[in-house]
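Enquirer: Under the working numbering, the letters of the sequence shown match residues 19 to 404, in that order. We treat Cβ as the ideally placed atom computed from N, Cα and C, and that holds for glycine. In this text the structure is predicted, and so the values were computed from the model without any measurement. Below is a structure I'd like to ask you about.
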Amino acid sequence: MIIEASSKMSLFTEAIFGKLKAFALQQQQNGQEIIDLSLGSPDIPPAPMLLENMAKLTANPQSYGYTLTGVKAFNDAVCRYYARVNDVQLDPETEVLQTMGSQEGLVHLPIAFCNPGDIILTTNPAYVAYDAGIHLAGATPYYMPLTKENGYLPDLASVPAEIAEKAKLLLLNLPGNPVPAMPSKQYFEEVVAFAKKYNIIVLHDAAYSEFYFTGDAPMSFLATPGAKDVGLEINSLSKSFSLAGARIAYIVGNAEMIRIVKQLKSNLDFGIFEPVQLTAALALDNAEEITASLRTTFAERHQILMNGLQQIGWEVAPSNGGMFVWAKYPYAMTSVDFAFKAIEQAGVVMVPGTVFGTAGEGYVRLALVQNSALLARAVEKLQTIQ
19 MIIEASSKMS
29 LFTEAIFGKL
39 KAFALQQQQN
49 GQEIIDLSLG
59 SPDIPPAPML
69 LENMAKLTAN
79 PQSYGYTLTG
89 VKAFNDAVCR
99 YYARVNDVQL
109 DPETEVLQTM
119 GSQEGLVHLP
129 IAFCNPGDII
139 LTTNPAYVAY
149 DAGIHLAGAT
159 PYYMPLTKEN
169 GYLPDLASVP
179 AEIAEKAKLL
189 LLNLPGNPVP
199 AMPSKQYFEE
209 VVAFAKKYNI
219 IVLHDAAYSE
229 FYFTGDAPMS
239 FLATPGAKDV
249 GLEINSLSKS
259 FSLAGARIAY
269 IVGNAEMIRI
279 VKQLKSNLDF
289 GIFEPVQLTA
299 ALALDNAEEI
309 TASLRTTFAE
319 RHQILMNGLQ
329 QIGWEVAPSN
339 GGMFVWAKYP
349 YAMTSVDFAF
359 KAIEQAGVVM
369 VPGTVFGTAG
379 EGYVRLALVQ
389 NSALLARAVE
399 KLQTIQ
C-alpha cells in the first residue's frame with residue numbers, strides 16, 4: 019500500500035533535538051564527556067511531600083476512573099494560589115481549566131478561536147509550540163522581533179494597524195523561552211490597551227513565573243487591570259514543581275474564553291489522572307515552601323553560566339529569571355553548525371537559536387538543568403572551541 023502524509027504535515031518538520039541527542043550519544047561512545055544543556059527538563063526531583071502523596075493515591079483502586087473536566091480540589095487550589103501569589107481572584111467553576119501540560123494547551127488553543135487565514139501575533143524567536151498551534155489552526159503568523167534595543171519585549175507599537183485589525187490572538191511569554199525577558203506593570207498595561215483597541219485575545223504563557231532571581235516575582239498578566247476582559251494565562255507545574263512527566267497545567271482568565279476552550283477539550287480527552295491532579299493541588303498549596311529552594315538553586319546556576327559565558331567573550335541577553343540563558347556566540351557560522359561543533363569539540367549540547375525562529379541565527383539556548391559544578395565545567399569546555 020502507499021502511505022502518504024497529509025499536506026498539513028509539511029508544516030511540522032522533524033525537530034532537531036533528536037539529531038543533537040544522537041550526535042551527542044555518538045560522541046559520548048567515542049569517549050567525549052557530554053554536558054547536556056539542551057532540553058528544559060528539570061533535573062531536581064519533586065518535593066518529598068509530592069512523591070509520598072502521589073505514591074499513596076496511586077495505590078487507591080478508586081483513582082483510575084475518568085476525571086473529565088477535572089477534580090474540584092485542583093481548581094480550588096489554583097484559585098488559592100493565584101489569590102496568595104498574584105492577588106488575583108478567580109472563580110474555580112468558570113475561570114479555571116486544566117490541560118495535559120502547557121504544550122497541549124498552547125497547541126490546541128488557537129483552534130478554539132482562529133479560522134484558517136486569521137492572523138496570530140507571535141514573537142521571533144519564540145517557543146516552538148506556538149508555531150505548531152498556529153499551523154494546526156491554519157492561521158497566519160505575524161512575527162514580532164525580540165530585539166536587544168527593545169529589552170527583548172515585543173514592540174506592539176510597531177505592528178501595522180492593518181495587521182492588528184485582522185489579528186485574532188496575541189501570544190506572549192514572559193519570562194520567556196528562549197529569551198528570558200521579564201514583564202513589567204507598564205508593559206502589561208500596554209498589552210491590555212492594545213488588545214482592547216483591536217479586539218484581540220491575549221494568551222500569556224507564564225510557565226516560568228516562579229523562576230525569578232532578584233527582587234519581586236514577575237507579575238501575572240491577570241493582575242493587570244482589564245486583563246481578564248481580554249485574555250488568558252496558562253501555567254504549568256512541569257518546571258516550578260518538577261512535575262514535567264506528570265503533564266498537568268491550567269488555563270485561567272476570561273470565563274467565556276475558558277468555556278470555549280473547555281468545549282474543545284471535551285472532544286479531545288477525558289481528563290488527567292486523579293492522583294496527578296490531587297498532588298498538583300498539594301504542590302500549589304505549598305508553593306512558597308517548594309519554590310523558594312528552587313529559586314536559590316537556579317539563581318546560583320544562572321549567575322555561574324551567565325557570568326562565565328560573558329568572561330569568555332559571549333554576548334548574553336540580560337535576565338533576572340527564566341530557566342534558560344540566551345547567548346550570542348563569537349564564531350562566524352550558523353547556529354546549527356555551531357551546535358554540532360560544540361558537541362564535537364566541547365561535548366556541550368545546546369539548542370541552535372534558529373529552532374525558535376529566524377531571529378535566532380547566531381544564538382544558542384542553554385538550559386540551567388545541570389548542577390553548578392557542571393555548568394562551570396561547560397563554560398571551560400566551550401572556551402576550547404576553535
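Residues in its own chain within less than 8 Å of G58 by CB, not counting five upstream and five downstream?
Expert: Here residue 58 corresponds to residue number 40 of the sequence shown, with the count starting at 1. Closer than 8 Å at the Cβ level, and outside the excluded window around G58, lie N195, K257, M341, F342, A385 and V387.
Enquirer: A317 and I53 - do their beta-carbons sit closer together than 7 Å?
Expert: Counted from its first residue, the sequence shown places residue 53 at position 35. Counted from its first residue, the sequence shown places residue 317 at position 299. Contact flag unset, no.
Enquirer: In this structure, how does DSSP classify I322 when only helix, strand and coil are distinguished?
Expert: Taking the sequence shown and counting its residues from 1, one reaches residue 322 at position 304. Here I322 sits in helix by DSSP.
Enquirer: Go ahead and pull the three-state DSSP assignment for L139.
Expert: The residue given as residue 139 occupies position 121 in the sequence shown. Strand at L139.
Enquirer: Starting from F41, follow the alpha helix (DSSP H) in both directions and report where the run begins and ends.
Expert: The residue labelled residue 41 in the question sits at position 23 within the sequence shown. Note, F41: alpha helix (DSSP H), F35 to Q47.
Enquirer: Quick check: the Cα distance between A301 and D287, rounded to an integer number of angstroms?
Expert: As a working mapping, residue 301 is identified with position 283 in the sequence shown. As a working mapping, residue 287 is identified with position 269 in the sequence shown. Computed Cα separation, rounded: 24 Å.
Enquirer: Buried or exposed, going by whether 16 or more other CB atoms sit within 10 Å of the CB of M324?
Expert: Numbered from 1 along the sequence shown, position 306 holds the residue referred to as residue 324. So M324 ends up on the buried side.
Enquirer: My output table needs one value for I276: the three-state DSSP class, helix, strand or coil.
Expert: To locate residue 276, count along the sequence shown from 1; it is residue 258. For I276, the secondary structure class from DSSP, reduced to helix, strand or coil, is helix.
Enquirer: If contacts are defined as beta-carbon pairs under 8 Å, then V382 and S353 qualify, I think. What distance do you get, rounded to the angstrom?
Expert: Translated into positions along the sequence shown, residue 382 becomes position 364. Translated into positions along the sequence shown, residue 353 becomes position 335. The pair is a contact, with the Cβ atoms about 6 Å apart (cut-off 8 Å).
Enquirer: Quick test of the definition: if touching needs 3 or more C-beta pairs under 8 Å, does the stretch 215-222 touch the stretch 81-90?
Expert: With a cut-off of 8 Å, the stretch 81-90 and the stretch 215-222 do not count as touching, because too few Cβ pairs lie within range.
Enquirer: Please report the straight-line C-alpha distance between A101 and Q107, rounded to a whole angstrom.
Expert: As a first step, residue 101 is located in the sequence shown; it is residue number 83 there, counting from the start. As a first step, residue 107 is located in the sequence shown; it is residue number 89 there, counting from the start. Cα-Cα distance, rounded: 5 Å.
Enquirer: Tell me, please, which residues DSSP counts as bridged to L188.
Expert: As a first step, residue 188 must be located in the sequence shown, where it is residue number 170. Paired residue(s): L139 and V220.
Enquirer: Would you report the Cα separation of V210 and G249, rounded to the nearest angstrom?
Expert: Looking up residue 210 in the sequence shown gives position 192. Looking up residue 249 in the sequence shown gives position 231. Those two C-alpha atoms are separated by around 9 Å.
Enquirer: Taking DSSP's pairing of strands, which residues face W344 in a bridge?
Expert: Looking up residue 344 in the sequence shown gives position 326. Answer by DSSP bridge pairing, in chain order: R383.
Enquirer: Going by the DSSP bridge assignment, what does Y99 pair with across the sheet?
Expert: Counting from 1 along the sequence shown, the entry for residue 99 is found at position 81. Paired residues: none, contrary to the question.
Enquirer: Opposite N253 in the DSSP bridges: which residues?
Expert: Counted from its first residue, the sequence shown places residue 253 at position 235. According to DSSP, which records beta bridges pairwise, N253 is partnered with Y268.
Enquirer: Can you list, in chain order, the residues of its chain whose CB lies under 8 Å from that of G135, leaving out five sequence neighbours each side?
Expert: As a working note, residue 135 is residue 117 in the sequence shown. Taken in chain order, the residues that qualify are G156, A157 and T158.
Enquirer: In the DSSP output, which residue or residues are listed as bridge partners for L115?
Expert: As a first step, residue 115 is located in the sequence shown; it is residue number 97 there, counting from the start. Beta-bridge pairing links L115 to I269.
Enquirer: Buried or exposed, going by whether 16 or more other CB atoms sit within 10 Å of the CB of E180?
Expert: Residue numbering aside, residue 180 sits at position 162 when the sequence shown is read from its first letter. Result: exposed.
Enquirer: Buried or exposed for L240, please, with buried defined as at least 16 other CB atoms from any protein chain shown within 10 angstroms of its CB.
Expert: For the purposes of this step, residue 240 is identified with residue 222 of the sequence shown, where counting begins at 1. In the assembly as shown, L240 is a buried residue. Its beta-carbon has 16 or more other beta-carbons within 10 Å.
Enquirer: Step through the CB atoms of chain D and report whether any lies within less than 7 Å of the CB of F229.
Expert: Of the protein chains in the structure, only one exists, and it is not chain D.
Enquirer: By Cβ distance, which residues of its chain are closer than 7 Å to S390, with the 5 residues on each side in sequence left out?
Expert: For the purposes of this step, residue 390 is taken as residue 372 along the sequence shown, with counting starting at 1. Around S390: E318, R319 and I322.
Enquirer: Quick check: the Cα distance between I290 and M275, rounded to an integer number of angstroms?
Expert: The sequence position of residue 290 within the sequence shown is 272, counting from 1. The sequence position of residue 275 within the sequence shown is 257, counting from 1. Near 21 Å, if we compare the C-alpha coordinates of M275 and I290.
Enquirer: Give the secondary structure of P66 by DSSP, where H, G and I count as helix, E and B as strand, and everything else as coil.
Expert: Working through the sequence shown from its first residue, we reach residue 66 at position 48. DSSP, read as helix, strand or coil, puts P66 in helix.
Enquirer: Among residues of its own chain, excluding the 5 on either side of S176, which ones have a beta-carbon nearer than 8 Å to its beta-carbon?
Expert: Stepping through the sequence shown from its first residue, residue 176 is reached at position 158. Same-chain partners within the cutoff: M162.
Enquirer: Please specify which runs of the alpha helix (DSSP H), each continuous and at least 4 residues long, are wholly inside the stretch 352-382, giving them in chain order.
Expert: 353-364
Enquirer: Assuming Y145 is part of the beta strand (DSSP E), what are its boundary residues?
Expert: Counting from one through the sequence shown, the residue named residue 145 turns up at place 127. Neither: Y145 is in no beta strand (DSSP E) and is coded neither H nor E.
Enquirer: Buried or exposed, going by whether 16 or more other CB atoms sit within 10 Å of the CB of F30?
Expert: By 1-based counting over the sequence shown, the position of residue 30 is 12. Per the 10 Å Cβ criterion, exposed.
Enquirer: What would DSSP say about T85, mapped onto helix, strand or coil?
Expert: Walking along the sequence shown from the start, residue 85 turns up at place 67. Coil, per DSSP.
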